[in-house]
Amino acid sequence: MTVTFRALLGVPLVLALAGTASAETTITVATVNNGDMIRMQRLMPDFYAKHPDIKVNWVTLEENVLRQRVTTDIASKGGQYDVLTIGNYEVPIWAKQNWLMPLDNLGADYDQADLLPQVAEGLTVDGKLYAVPFYAESSMLMYRTDLLEKAGLKMPENPDWAFITEAAAKMTDKKDGVYGICLRGKAGWGENMAFITSMNNSMGGRWFDMQWKPQFDSPEWKKTLETYLELMTKYGPPGASSNGFNENLALFQTGKCGMWIDATVAASFISDPKESKVADKVGFAPAPVRKGGENHGNWLWSWNLAIPATTSKADAAKTFVAWATSPAYTELVAQKDGIANVPPGTRTSLYKNPEYLKVAPFAKMTLTAIQSANTQHPSDQDVPYTGGQFVAIPEFQAIGTAVGQQFSAALAGRASAAQALGAAQAVTTREMQRAGYPK
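For reference, each letter of the sequence shown is one residue, going 104 to 542 in our numbering.
So, in structure tokens, the structure goes:
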């Protein structure tokens with residue numbers, strides 16, 4: 104039967120199949136399991152219609168797992184992935200190691216100049232862009248307007264941590280399954296430590312002094328962790344030490360949270376009536392400050408698409424990256440899911456679009472938070488580093504996660520605040536000495 108088939112075609116079967124395979128390029132994209140990334144996968148028919156010669160193999164992972172796998176792969180030059188979803192923490196560090204391809208000439212209709220300057224700056228090294236943002240975020244306070252009114256409170260223009268504690272107490276109704284506040288508890292440098300580092304910045308604290316000495320024995324860190332643990336143990340949901348962004352998003356959408364301080368990107372999901380039971384009862388305010396302070400501790404984060412230098416499919420990878428982060432993709436999301444759901448925080452033009460501003464009550468606050476995030480000087484005190492909710496040094500990924508594990512253990516009741524801070528001081532001191540700081 105094989106002989107007959109070959110005779111009919113006039114060519115060997117193996118060659119015919121090989122010819123078919125060579126006409127199609129398959130790229131592997133590693134990404135995070137956040138809502139905007141899941142939406143992108145749902146909208147892939149648009150990409151395939153425009154680029155039928157490219158297929159995408161998705162590797163979608165939880166945030167901590169994604170970071171671990173892509174870091175291991177790129178550092179070892181494993182070459183498993185053709186496109187990486189990475190943050191603005193990794194981009195400048197990896198670019199300087201020559202691990203990423205520069206991204207220029209993404210097409211005449213890409214409009215690179217439209218990228219928000221604050222976001223593009225964090226992805227640029229020596230004048231070259233090494234990743235492009237899929238979405239960007241800062242931090243804000245999201246709250247239930249009905250529960251706040253029921254508590255007899257009015258949200259201040261600039262809420263402080265004392266108000267947050269009072270409001271969390273009055274909003275909590277554990278019998279009804281409503282908790283006054285939801286915050287990240289899952290261990291990880293980009294999970295609980297993103298929030299707690301930002302909180303510490305707002306309290307006037309810092310990770311290191313100018314001689315790179317860890318500061319977990321400072322009064323600011325003591326105040327930060329004690330306030331965090333008080334809020335979460337008294338007014339937070341059970342099992343909070345396992346909760347990250349996605350878990351808290353689900354809790355808020357189902358009406359279980361009175362307040363949630365987290366990424367601005369969550370705003371469209373909690374105010375979408377298709378996804379949120381409390382969509383018509385959501386208010387937005389700046390991230391809290393300490394009493395009398397002005398530092399909101401705003402973080403600045405972007406999830407970006409980058410191409411590792413190890414890929415053998417650079418052209419196809421570049422075509423995909425351009426599609427996923429282009430103005431045309433924004434229009435596609437607006438058409439399919441409504442303009443309020445387009446990826447936020449990346450393009451200046453979005454925040455000048457009257458249609459978007461009309462349907463996205465969180466838009467102006469998101470832009471203000473991004474623009475006011477001071478990544479060059481995140482603390483009120485002098486610091487030898489940049490980064491906002493992280494410290495922009497290669498060692499931070501391991502150190503931040505180790506400290507996050509100590510704080511998560513304290514939240515779970517396995518350690519006191521003092522014990523967690525002592526352990527954080529010890530592990531950070533050891534690792535920084537091992538890395539040779541100060542350099």
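Every residue gets a Cβ at the ideal spot worked out from N, C-alpha and C, and that includes glycine. None of the values given here were measured: they were computed from a predicted structure.
According to DSSP, which residues form a beta bridge with residue i?
i	result
tryptophan 406	Gly190 and Tyr238
asparagine 160	Thr131
valine 392	Asp263
proline 411	Leu203
methionine 245	Trp363 and Phe387
lysine 326	Looking at the DSSP assignment, lysine 326 forms no beta bridge with any residue, so it has no partner.
methionine 227	Here residue 227 turns out to be threonine, not methionine, going by the sequence shown. DSSP, once it has assigned bridges, lists Leu232 as partnering threonine 227.
leucine 218	Arg450
So, at 7 Å on beta carbons, what are the nonlocal neighbours of residue i in its own chain, with the 5 sequence-adjacent residues on each side left out?
i	result
leucine 470	Tyr454
alanine 254	Ala270, Lys273 and Met274
glutamate 165	Asn136
methionine 294	First, the amino acid is wrong: residue 294 is glutamate here, not methionine. Same-chain partners within the cutoff: Glu166, Asn167, Arg287, Gly347 and Gly507.
threonine 143	Note that residue 143 is methionine in the sequence shown here, rather than threonine. Counting only Cβ-Cβ distances below 7 Å, and skipping sequence neighbours, we find Ala427.
threonine 532	Pro317
aspartate 176	Gln183 and Tyr184
At what residues does the alpha helix (DSSP H) containing residue i begin and finish?
i	result
alanine 431	430 to 440
leucine 251	248 to 253
valine 315	For the record, residue 315 in the displayed sequence is tryptophan; it is not valine. Element bounds for tryptophan 315: n/a, residue is neither H nor E.
glutamine 474	466 to 475
leucine 97	As displayed, the chain neither begins before 104 nor continues past 542, which places residue 97 out of reach and without an answer.
leucine 460	457 to 462
glycine 138	138 to 145
glutamate 166	166 to 178
valine 424	417 to 427
With a 10 Å radius around its C-beta and 16 neighbouring C-beta atoms as the bar for buried, classify residue i as buried or exposed.
i	result
serine 125	Summary for serine 125: the model assigns pLDDT 43, below 50, so the residue's position carries little reliability; its value from the coordinates is reported in the next sentence. Exposed, by the Cβ-count rule.
serine 179	exposed
aspartate 139	buried
methionine 168	The sequence shown places valine at residue 168, not methionine. So valine 168 ends up on the exposed side.
glutamine 528	buried
aspartate 185	buried
serine 344	buried
proline 236	buried
threonine 357	exposed
asparagine 303	buried
isoleucine 141	exposed
tyrosine 151	exposed
serine 519	exposed
lysine 398	Sequence inspection shows asparagine at residue 398; the lysine mentioned does not correspond to that position. Buried is the call here.
aspartate 229	exposed
arginine 45	The structure shown has nothing for residue 45, since the chain only spans 104 to 542.
asparagine 208	exposed
glutamine 313	Looking at the sequence provided, one finds methionine at residue 313 rather than glutamine. Label assigned to methionine 313: exposed.
arginine 170	buried
aspartate 485	exposed
threonine 422	buried
aspartate 503	Note on identity: in this sequence residue 503 is glycine, with aspartate being the wrong assignment. Answer is buried; the Cβ neighbour count reaches 16.
lysine 289	buried
Got a sec? Which residues, its chain only, sit under 8 Å from residue i by beta carbon, not counting five neighbours each side?
i	result
methionine 362	Leu244, Met245, Tyr246, Arg247, Ile267, Ala270, Ala271, Met274, Gly283, Ile284 and Cys285
tyrosine 233	Val194, Pro195, Trp197, Ala198, Leu203, Met204, Pro205, Leu206, Leu226, Thr227 and Ala409
alanine 523	Leu328, Gln509, Phe510, Ala512 and Ala513
lysine 158	Glu127, Thr128, Thr129, Ile130 and Tyr151
alanine 265	Lys394
What residues in its chain sit with their C-beta under 6 Å from that of residue i, if we drop five residues either side in the sequence?
i	result
aspartate 249	Lys384
leucine 256	Ala270
Jot down the residue ranges of each uninterrupted beta strand (DSSP E) in the region 331 to 386, minimum 3 residues, whole runs only, in chain order.
-> 360 to 366
Could you give the uninterrupted runs of the beta strand (DSSP E) lying entirely in the region 259 to 304, keeping only those of 3 residues or more?
-> 282 to 285
What are the start and end residues of each continuous alpha helix (DSSP H) run of 4 or more residues lying completely inside the region 466 to 538, in chain order?
-> 466 to 475, 499 to 514 and 520 to 537
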